[in-house]
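Here the structure is laid out as structure tokens; the discussion comes afterwards.
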């Protein structure tokens with residue numbers, strides 16, 4: 004996506020025959036308008052992207068333009084209409100559209116109708132041509148570039164609100180709703196990347212496998228479940244790429260509290276575990292609602308949404324569960340689908356089942 008828009012503008016010269024033939028074999032629309040190929044056995048000439056069956060190389064001749072082919076006695080293909088291309092006008096129109104999007108980056112989403120008017124193509128034709136030539140739709144192109152601008156701003160030290168504005172998002176709430184897909188974490192956590200954080204971690208055994216507990220001086224910042232210590236450590240370092248991370252803290256009281264919560268969930272209310280976790284206001288509303296679910300009970304995503312006063316936000320609740328970085332301490336494993344099925348779980352449905360079984364069979368309150 005970093006390619007400059009000018010690279011789409013195709014020069015007038017016809018490529019070498021070997022390159023031209025490869026373009027014909029691959030039906031490469033980027034070469035439409037640069038040359039036509041003619042088939043001696045049929046006396047028909049086509050553009051490179053013609054959908055017709057490919058002839059053998061031995062019967063193909065290349066011409067710079069339709070007029071040259073016609074002077075040599077060939078007629079235009081009725082499937083691809085090579086004379087209508089007008090020296091690559093469609094490809095050039097897509098290039099103009101791309102350049103327009105790049106020039107207007109940061110000013111919000113540009114509607115397809117506006118983009119089509121700028122290029123001179125119909126909206127339908129532009130949509131199809133843009134997708135065919137670049138591999139993505141105009142909207143997907145804008146989404147990808149906006150996400151990259153947003154990430155670059157955060158990496159550069161901008162505040163979340165500033166990065167949101169400069170990237171062209173209409174509101175920070177939309178960014179936070181899509182944070183998991185955009186960043187894999189909250190914007191604040193991505194911006195920080197663990198910068199300035201000192202994390203000590205330990206990996207211990209538990210009834211549901213190996214457990215990694217990460218600690219800062221403020222509280223528990225990570226609880227991950229798995230079976231491979233090295234993989235758990237790699238995941239921790241990937242989530243906090245700029246933090247200072249070292250192994251330690253095995254005997255820390257917070258580590259014992261996390262392990263005890265897995266071993267004896269019925270005692271969880273007796274020990275408060277401080278957390279050092281970034282989250283949006285909405286995420287914390289969800290996480291606090293999860294922490295209020297007693298061991299041995301379940302809630303549906305809809306019930307959690309209703310509990311925080313957002314009954315239509317079931318999907319957002321599911322995303323908040325998916326971005327929970329402290330398994331068990333924030334018990335997202337207690338949230339299930341409305342039909343009673345377990346639903347997804349970052350650490351695997353088998354572990355979700357085992358956690359619920361340890362808590363007493365998983366009664367739900369509906």
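Numbering (our numbering), first residue to last: 4 to 369.
In this text, a Cβ means the ideal position worked out from N, Cα and C, and glycines have one as well.
Being a predicted model, the structure only gives us computed values, none of them experimental.
Review point. With residue 324 and residue 279 assumed to form a contact (beta carbons below 8 Å), what rounded beta-carbon distance in angstroms separates them?
Key: With a Cβ gap of about 19 Å, residue 324 and residue 279 do not count as contacting.
Exercise for review: Provide the residue(s) that pair with residue 278 in DSSP beta bridges, ordered along the chain.
Suggested key: 223
Check your understanding: Helix, strand or coil: how does DSSP classify residue 303 here?
Key -> strand
Review point. Three or more C-beta pairs closer than 8 Å, one from the region 41 to 48 and one from the region 56 to 66: is that the case here?
Key: yes
Check your understanding: Where DSSP assigns a beta bridge to residue 49, which residues make up the other side?
Key -> 40
Review point. Is it right to say residue 163 is buried, meaning 16 or more other beta carbons lie within 10 angstroms of its own, or is it exposed?
Key: buried
Practice item. Report the option in 339, 221 and 140 whose CA atom is closest to the CA atom of residue 114. Key: 140
Point to revise | Reduced DSSP category for residue 228 - H, G, I as helix; E, B as strand; rest coil | key: strand
Exercise for review: State the beta-bridge partners of residue 35 as determined by DSSP.
Suggested key: 38
Check your understanding: Any Cβ of chain C within less than 8 Å of the Cβ of residue 111?
Key -> In the structure shown, chain C cannot be found, because there is only a single protein chain.
Check your understanding: Of the residues 294, 253 and 72, which one's Cα is nearest the Cα of residue 205?
Key -> 253
**Study point:** Within 8 Å, strictly: CB atoms of residue 304 and residue 321
**Key:** yes
Practice item. Quick one: measure Cβ to Cβ for residue 229 and residue 350, integer angstroms, because I've assumed they're closer than 8 Å. Key: 7 Å
Review point. Taking just the CA atoms, how far does residue 101 sit from residue 53?
Key: 24 Å
**Study point:** Cβ neighbour criterion (16 or more within 10 Å) applied to residue 275
**Key:** exposed
Review point. To the nearest angstrom, how far is it from the Cα of residue 319 to the Cα of residue 251?
Key: 35 Å
Review point. Under three-state DSSP, which class holds residue 90?
Key: A caution first: residue 90 carries a pLDDT of 40, below 50, which makes its placement in the model too unreliable to give a value.
Check your understanding: Which value, in whole angstroms, describes the spacing of the CA atoms of residue 372 and residue 249?
Key -> Given that the chain is displayed from residue 4 to residue 369, the structure contains no residue 372 and the question cannot be resolved.
Review point. Which of the three DSSP states, helix, strand or coil, is assigned to residue 133?
Key: helix
**Study point:** Beta carbon of residue 93 nearer than 8 Å to that of residue 35
**Key:** yes
Practice item. Could you check the C-alpha separation between residue 311 and residue 167 for me, to the nearest Å? Key: 26 Å
Practice item. Taking the CB atoms as reference points, tell me whether residue 265 and residue 209 lie closer together than 8 Å. Key: yes
Practice item. May I ask which residues mark the beginning and end of the beta strand (DSSP E) holding residue 218? Key: 212 to 218
Point to revise | Reduced DSSP category for residue 337 - H, G, I as helix; E, B as strand; rest coil | key: helix
Check your understanding: Sorted by chain position, which residues of the same chain lie with C-beta nearer than 7 Å to residue 211's C-beta, five sequence neighbours on each side aside?
Key -> 228, 265, 354, 357 and 358
Practice item. Tell me, to the nearest whole angstrom, how far the beta carbon of residue 201 is from that of residue 247; I am working on the premise that it is less than 8 Å. Key: 5 Å
Exercise for review: Just tell me which of 106, 337 and 236 has its CA closest to the CA of residue 362.
Suggested key: 337
Review point. To the nearest angstrom, how far is it from the Cα of residue 147 to the Cα of residue 28?
Key: 30 Å
Point to revise | Per-residue burial, residue 132 [other beta carbons within 10 Å of its own, 16 or more giving buried] | key: buried
Check your understanding: If we ignore side chains and look at the alpha-carbon of each, how far apart do residue 255 and residue 244 end up?
Key -> 24 Å
**Study point:** Buried versus exposed, by CB contacts within 10 Å (16 or more), residue 242
**Key:** buried
Check your understanding: What is the DSSP secondary structure of residue 329, counted as helix, strand or coil?
Key -> strand
Check your understanding: By how many angstroms is the C-alpha of residue 145 removed from the C-alpha of residue 155?
Key -> 15 Å
Exercise for review: Reducing DSSP to helix, strand and coil, say where residue 139 ends up.
Suggested key: coil
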